[in-house]
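Chains as they are written, first to last, in our numbering: chain E, 3 to 399; chain X, 3 to 399; chain P, 3 to 399; chain W, 3 to 399. Each remark here refers to the structure printed beneath this line.
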């Protein structure tokens with residue numbers, strides 16, 4: 003992990019400024035963007051403040067008045083073209099994601115340069131430039147938990163002017179394995195669901211609940227799969243499956259959850275150690291209970307805490323005992339149980355015998371404190387529409 | 003207006019307590035419900051506090067778990083039965099509305115006793131009693147403006163737990179008459195839209211904009227219609243069309259807007275005086291301009307301020323120069339103008355040559371700060387639903 | 003079965019004429035309506051011809067022009083009122099169904115008197131009388147097979163004037179029991195699905211396919227259930243579960259299928275005999291094969307032919323080897339198999355571990371030669387609507 | 003029109019065979035494809051018969067079983083790719099349309115070579131080749147009227163096996179100009195609607211109804227527009243707006259309608275003569291009445307018969323006095339009239355102050371004998387879908 007890696011993205015796609023009203027703008031100060039795998043500085047980015055933000059909002063408001071004249075068809079032509087440009091430059095975009103590892107703004111799903119690069123591609127279309135605005139500010143530090151707090155602050159601000167808000171917060175997803183499950187498939191689903199982006203997505207499984215009769219076998223099989231399939235390293239290495247965590251604080255959080263669990267009786271089956279930089283060993287904990295930190299708060303890292311349960315009712319009680327509800331997963335071959343549990347899980351998305359559920363065709367979003375609204379599917383666009391009722395009266399018969 | 007009127011509603015439908023968990027509960031103190039037309043006390047109602055509120059919320063949460071087992075069909079049967087009971091008792095409900103004149107909680111669309119009576123009718127069905135909870139608290143004083151403030155407070159509270167909120171706030175509806183309008187129909191629409199419930203509904207026209215060529219004739223015709231059609235009095239009198247305002251403060255607000263307008267050059271064409279109690283004369287003001295209070299804030303009373311304009315563009319600028327956007331009305335016989343203005347008005351509901359637009363079949367709701375979500379129509383139920391995505395995976399081909 | 007039964011329906015609800023243009027009309031001749039259980043004549047009904055039919059069509063066309071002015075809401079109020087009248091008279095309607103046993107026009111789902119009675123109730127509403135027309139003609143004799151032929155004739159006639167047609171023909175529904183099935187539930191579903199209206203509904207199971215490992219046990223359990231639950235008799239007797247078939251020819255058809263099956267190696271496990279009138283013993287046949295008449299053509303009677311199969315693929319091949327596809331049923335506890343078979347069955351309605359699927363909330367209808375369009379659910383109304391596209395052009399910006 | 007024109011399409015895109023089961027097949031005989039503007043033979047095409055048709059149907063049936071495994075997304079990717087290939091070759095496709103002028107099968111919207119070329123492009127994708135089948139047979143001669151007859155024959159055949167059919171037949175579209183109309187826009191709409199493809203589309207206006215007060219002015223203005231805008235010639239000439247009719251018989255039909263109209267009192271204002279080949283002069287007839295052939299049957303050519311009317315009721319009576327109802331157009335500036343007439347016209351598509359209504363976003367199709375089903379818009383796909391209802395029962399609570 004100590005080798006040196008270089009980012010190979012053409013200069014026109016690597017901008018370090020904000021973008022407002024069709025022009026790139028610089029701010030008085032800058033902030034560094036680091037590669038979390040090596041700690042190397044990749045570039046320095048304009049650190050915008052209230053003035054630039056105001057300028058950006060004004061520009062966006064002005065742009066809206068021309069943009070709203072575009073028909074849906076015209077917009078779709080633009081978006082398709084943008085999509086094709088992204089596809090053309092997908093290797094460069096992939097590199098940017100790898101190097102930044104979503105350092106500064108992971109909660110936006112997109113890194114600084116990624117967004118700038120998307121903007122550059124948008125720019126190539128020579129079309130309504132002012133529609134797209136973007137400024138960065140380094141005050142927004144990173145971690146899922148903070149993100150949730152910040153989102154609440156935003157919601158409160160939106161309340162002042164009764165703004166409609168659509169958002170997606172943390173998940174703390176349960177992953178339940180019932181006695182009737184196909185264990186090999188369950189292990190496969192657990193690997194896919196937990197270790198995607200090193201455990202750092204909002205739909206990653208965060209709490210594993212396994213029924214008594216299959217508990218030991220599941221833990222053993224999962225441990226073996228972790229050994230066989232996971233490789234830590236820099237994202238530029240072809241055989242790497244697990245990169246660094248977003249920053250050192252994220253790694254410390256995982257470590258803290260592990261030591262808390264162990265102090266309360268959990269057993270480390272695999273991993274457990276922090277490595278160089280923000281790298282964290284994929285870790286498997288057995289004999290986990292509901293009073294441990296790792297079952298109470300979201301991890302956002304490569305930790306698999308496995309809780310044992312006896313009845314479906316007990317599993318549902320643990321799974322639903324949280325204020326959030328984004329995704330949930332369970333493995334079972336019992337038809338009645340499948341429908342019962344799919345209905346009872348208090349989440350917006352359920353994976354039945356499936357560890358990866360996100361797809362553009364389906365409604366992505368959660369219930370409870372996991373967010374408002376849905377993305378994707380035919381429902382996703384609802385958040386951007388207002389129903390207008392026009393009553394044509396006074397017609398002579 | 004000094005006669006004495008008596009409320010003729012059978013005792014079982016006139017309850018003064020809160021209703022929690024299938025039982026009527028009393029609070030330590032009470033507050034009086036007054037008839038705004040006479041100032042007479044109708045009854046004293048339990049003034050509930052935090053303890054009763056907590057009890058009610060707990061009961062509702064518990065009830066939800068049995069209620070959610072009901073199918074849509076079972077619920078519809080219950081609601082239909084309730085509807086039939088309301089229809090059966092519609093005279094008593096009408097009396098309650100008349101006497102209370104929505105005193106304590108007009109912004110909820112329903113008065114204290116109305117809700118209690120609806121509860122009584124629900125009770126008759128001997129079905130899931132605990133589904134319905136209700137407590138009153140006298141801290142909530144009344145006026146549209148305060149209501150809006152309170153709603154923002156509620157929204158902020160909802161933000162803490164990321165709750166979905168659907169609400170409807172003030173309207174400040176514009177009513178525009180273009181030169182091509184059928185003037186008699188426009189006057190009819192103005193009367194219907196302005197004087198419904200003495201100007202105290204959120205969709206009442208609040209600002210009248212009339213194009214120069216027809217301005218004088220419109221004002222004259224409207225004045226004559228007001229003379230011919232409006233009769234102040236107690237709601238129990240058969241020929242009354244205009245009752246009292248909700249309370250004395252509401253009447254004072256109207257009076258204040260009138261004197262402000264007059265001091266800035268407006269002319270009182272009809273009415274202008276406050277009468278006994280909270281009665282207010284229907285008032286018509288000409289030569290109103292955009293800098294007067296009555297065009298800047300919602301009236302919620304029987305005041306018609308008429309502004310003169312020259313061009314469509316000017317009218318739209320005035321109409322949209324507000325932070326709210328519930329309903330808007332305009333009269334025109336120009337096909338192109340009709341579509342242009344219907345699209346340009348920043349409101350959720352547009353009446354084209356029509357002064358009354360509310361109907362269960364259409365989506366009721368506003369844009370900007372007028373609220374979130376829609377009531378009625380097929381869209382109304384969306385606010386009460388969460389989309390749940392179940393991905394059935396792991397199927398063997 | 004030789005007792006005498008009397009029909010107890012009030013005269014105003016028991017009309018024997020046609021109904022055209024708001025008036026009851028008599029035809030030159032009459033035809034008798036018989037009770038199939040006793041052969042007794044219930045009444046004589048006007049036997050209308052081309053002249054009356056022409057009159058009815060003209061009246062309906064004229065009525066359409068006023069009826070189309072009614073809004074959906076107005077129509078719903080009328081239909082609700084009609085529904086309430088039917089509910090009020092449900093005992094009389096039930097008697098009429100029992101006595102006529104859908105003699106003359108079973109494929110219309112409604113008997114002569116039933117329709118007349120519904121008309122009488124409609125009449126009570128004193129509303130657009132001319133909307134409802136109805137004439138009877140005795141040329142339409144009865145049997146599912148003939149019905150299908152007649153429907154094809156109607157479709158060809160519709161083709162001349164390119165009329166949209168929605169219809170539902172025969173079903174020949176397969177009922178498959180896989181090895182993993184809950185056998186007791188499968189037997190319950192088979193009883194419900196087969197013996198509803200003595201096997202005379204288009205969704206009745208017509209071919210039973212049972213996997214080898216559970217074949218013998220299923221046949222034994224089903225035989226026991228038939229003994230325990232089925233009681234032949236007149237529909238007026240409280241403990242009757244099986245009435246007569248619609249007429250003697252229907253009973254002969256069942257008998258013919260039985261003797262054909264036996265001659266080819268099938269074994270009669272229960273029943274097998276024709277009784278008085280058009281009564282037919284509920285009959286269970288084992289060792290049935292695909293070359294027997296009873297697996298090739300629809301029975302429309304109380305016959306259960308059970309075929310043995312080894313693989314899912316084999317069962318699907320047999321189930322789909324028919325030109326019709328209305329309903330299909332299967333019992334399995336294997337999740338993957340459930341989705342596979344539900345998708346592969348070439349029918350419009352699938353019962354998974356369920357023998358009764360019809361409900362107003364779901365789309366009723368078939369694929370292949372089983373019909374066109376759907377009834378019920380939100381899709382049912384599509385067959386009665388035409389999409390009209392209005393392009394508003396020439397608007398000045 | 004006597005110059006020589008050559009078709010410049012690359013050989014791989016110009017195939018003369020049928021296409022079945024992934025292979026190009028030749029038939030025993032051939033038929034010539036002619037350029038209707040010059041009468042020159044373009045090529046000879048395989049004249050397939052029952053054997054080839056049977057082969058094609060069998061291949062399509064077989065292909066369906068693999069094609070139905072493709073998800074909607076996979077299909078959309080293929081269709082998008084095909085679309086992009088068509089766009090890439092749009093000049094060659096345009097030439098083919100011009101030269102063939104839809105000679106052999108115009109009612110299919112596509113000429114022989116066009117379809118073959120589309121097939122060639124499909125072939126390039128190296129994807130499920132067998133999905134696409136196509137054979138030609140020269141028995142199908144051409145004219146809209148015959149097409150309608152043939153469609154009825156197809157519908158009758160479909161009835162035998164209860165097949166769902168979606169089709170679009172003749173239109174006979176009315177084009178109404180009311181007194182309040184913007185006459186210049188009405189003339190523009192008339193030109194666009196009538197002379198698209200020389201009057202040979204099913205949505206071309208076929209009967210012009212003009213209200214008395216504007217009748218003379220409309221006829222004069224339209225005549226002037228015809229002089230100014232229409233240029234007859236070969237489609238390869240850049241300034242040609244009007245090509246030849248599909249064949250000589252089509253030109254004769256127009257001529258016959260003109261002489262019939264003149265013999266009954268109509269006046270030829272413009273054109274009226276047949277030219278070389280199948281070219282026909284754009285023709286304007288005034289004083290046309292409802293008893294003339296040209297108002298009774300569809301023209302499918304460049305003839306404008308203008309009828310005079312006095313009242314809206316009279317215009318609607320004439321417009322609706324036909325057994326078909328595809329498109330209808332009218333010009334009016336009276337809001338009430340616009341909604342009244344748009345609703346009263348018995349057609350599937352209405353152009354209000356607009357002469358061109360077809361667009362992929364809107365539902366294309368007619369009422370009465372103009373067809374079944376809709377193309378385009380979200381409704382278009384309904385014709386290709388079957389609703390399948392799966393009832394999951396027997397679940398243990």
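For every residue, glycine included, the Cβ atom is placed at its ideal position computed from N, Cα and C. None of these values were measured; they are calculated from a predicted model.
Should residue 39/P and residue 236/P be called a contact, given that it needs their Cβ atoms to be closer than 8 angstroms? Position 37 of the third chain, counting from 1, holds the residue named residue 39/P. Position 234 of the third chain, counting from 1, holds the residue named residue 236/P. Closer than 8 angstroms, so yes.
Of all the options 306/P, 156/P, 35/P, which has the alpha carbon lying nearest to the alpha carbon of residue 212/P? Numbered from 1 along the third chain, position 210 holds the residue referred to as residue 212/P. Of 306/P, 156/P, 35/P, the residue nearest in Cα terms is 306/P.
What residues in the segment 360-389 of chain E bring their beta carbon closer than 8 angstroms to a beta carbon of chain W? 363
Closest to residue 200/E by C-alpha separation, out of 176/E, 291/E, 285/E, would be which residue? Sequence index remark: in the first chain, residue 200/E carries index 198 (1-based). The shortest Cα separation from residue 200/E among 176/E, 291/E, 285/E belongs to 285/E.
Leaving out five residues before and five after residue 232/P in sequence, what residues of the same chain have Cβ atoms less than 6 angstroms from its Cβ? As a first step, residue 232/P is located in the third chain; it is residue number 230 there, counting from the start. Within the same chain, residue 232/P has close Cβ partners 243, 244, 284.
Which residues, taken in chain order from the segment 329-354 of chain P, show a beta carbon closer than 7 angstroms to some beta carbon of chain E? The segment 329-354 of chain P vs chain E, Cβ under 7 angstroms: 335, 337, 340.
Comparing C-alpha positions only, which one of 15/P, 163/P, 73/P, 67/P sits nearest to residue 91/P? On the third chain, position 89 is the one that residue 91/P refers to. Cα-wise, what sits closest to residue 91/P is 15/P.
Residues in the segment 159-179 of chain W having any Cβ partner in chain P nearer than 7 angstroms: 161, 162, 163, 164, 166, 171
Among 219/E, 167/E, 80/E, which one has its Cα closest to the Cα of residue 387/E? The count along the first chain starts at 1 and reaches residue 387/E at position 385. Selected option, being the one with the closest Cα: 167/E.
Judging by CA-CA distance, which residue of 394/X, 274/X, 375/X, 271/X is the nearest neighbour of residue 389/E? For the purposes of this step, residue 389/E is taken as the residue at position 387 of the first chain. Answer by Cα proximity: 375/X.
Just checking my contact of residue 352/P with residue 393/W at CB under 8 angstroms: how many whole Å lie between their CB atoms? By one-based count along the third chain, residue 352/P stands at place 350. By one-based count along the fourth chain, residue 393/W stands at place 391. Rounded, the Cβ-Cβ distance is 7 angstroms, consistent with contact.
Compare the beta carbon distance of residue 334/E and residue 227/E with 8 angstroms and say whether it is the shorter of the two. Within the first chain, residue 334/E is the residue found at index 332, counting from 1. Within the first chain, residue 227/E is the residue found at index 225, counting from 1. In this structure, residue 227/E does not lie closer than 8 angstroms to residue 334/E by Cβ.
Opposing strand residues paired with residue 391/E [DSSP bridges]: Working through the first chain from its first residue, we reach residue 391/E at position 389. The partner list for residue 391/E (beta bridge, DSSP) reads 351/X.
Runs of beta strand (DSSP E) lying entirely within the segment 268-345 of chain E, each at least 3 residues, in chain order: Taking only runs of at least 3 residues, the beta strand (DSSP E) segments lying wholly in the segment 268-345 of chain E are 269-272, 285-290, 305-311, 329-333.
When burial is assigned at 16 or more other CB atoms within 10 Å of the CB, is residue 267/P buried or exposed? By 1-based counting over the third chain, the position of residue 267/P is 265. Exposed is the call here.
In three-state DSSP terms, what is residue 49/X? The residue labelled residue 49/X in the question sits at position 47 within the second chain. Note: residue 49/X maps to strand in three-state DSSP.
How is residue 101/E classed by DSSP in three states: helix, strand or coil? Translated into the one-based positions of the first chain, residue 101/E becomes position 99. Per DSSP, reduced to three states, the secondary structure at residue 101/E is helical.
Would you verify that the beta carbon of residue 204/P is, or is not, closer than 8 angstroms to some beta carbon of chain W? For this step, residue 204/P is matched to residue 202 along the third chain. Chain W contact via Cβ: absent.
Nearest-angstrom Cβ-Cβ length linking residue 173/P and residue 368/P, presumed shorter than 8 angstroms: Translated into the one-based positions of the third chain, residue 173/P becomes position 171. Translated into the one-based positions of the third chain, residue 368/P becomes position 366. 7 angstroms between Cβ atoms; contact.
Any idea what DSSP makes of residue 248/W, helix, strand or coil? Position 246 of the fourth chain holds residue 248/W. If DSSP states are grouped into helix, strand and coil, residue 248/W belongs with coil.
Run through DSSP, which three-state label would residue 57/X get? As a working mapping, residue 57/X is identified with position 55 in the second chain. Helix at residue 57/X.
Taking three-plus beta-carbon pairs below 8 angstroms as touching, is the segment 268-279 of chain X in contact with the segment 289-307 of chain X? yes
Are there 16 or more other CB atoms within 10 angstroms of the CB of residue 196/W, so buried, or fewer, so exposed? The residue given as residue 196/W occupies position 194 in the fourth chain. Buried, by the Cβ-count rule.
From this set, 364/P, 377/P, 325/P, which residue's C-alpha is nearest residue 371/P's C-alpha? As a position in the third chain, residue 371/P is number 369, starting the count at 1. Closest by alpha carbon: 325/P.
Identify whether residue 175/W lies in helix, strand or coil by the three-state DSSP scheme. By one-based count along the fourth chain, residue 175/W stands at place 173. If DSSP states are grouped into helix, strand and coil, residue 175/W belongs with the strands.
With DSSP run on the structure shown, which of helix, strand or coil describes residue 68/E? Walking along the first chain from the start, residue 68/E turns up at place 66. Three-state result, residue 68/E: helix.
Considering only residues of the same chain and omitting the five flanking positions on each side of residue 348/P, which have a CB-CB separation below 7 angstroms? Translated into positions along the third chain, residue 348/P becomes position 346. 322, 327, 369, 370, listed in sequence order.
As assigned by DSSP and simplified to three states, the class of residue 16/X: Position 14 of the second chain, counted from the start, is the residue given in the question as residue 16/X. Reduced to three states, the DSSP call for residue 16/X is coil.
With 8 angstroms as the C-beta to C-beta threshold (strictly closer), list the residues of the segment 183-195 of chain P near chain W in chain order. 184, 187, 191
Kindly indicate if chain X contains any beta-carbon less than 8 angstroms away from that of residue 90/P. What you label residue 90/P is simply residue 88 of the third chain in a count that begins at 1. Cβ-Cβ to chain X under 8 angstroms: no for residue 90/P.
Which one or two residues does DSSP pair with residue 211/W in a beta bridge? Within the fourth chain, numbered from 1, the residue matching residue 211/W stands at position 209. Bridge partners of residue 211/W: 178/W, 309/W.
Tell me which residue opens and which closes the alpha helix (DSSP H) that residue 197/E is part of. Taking the first chain and counting its residues from 1, the one referred to as residue 197/E is at position 195. Residues 185-197.
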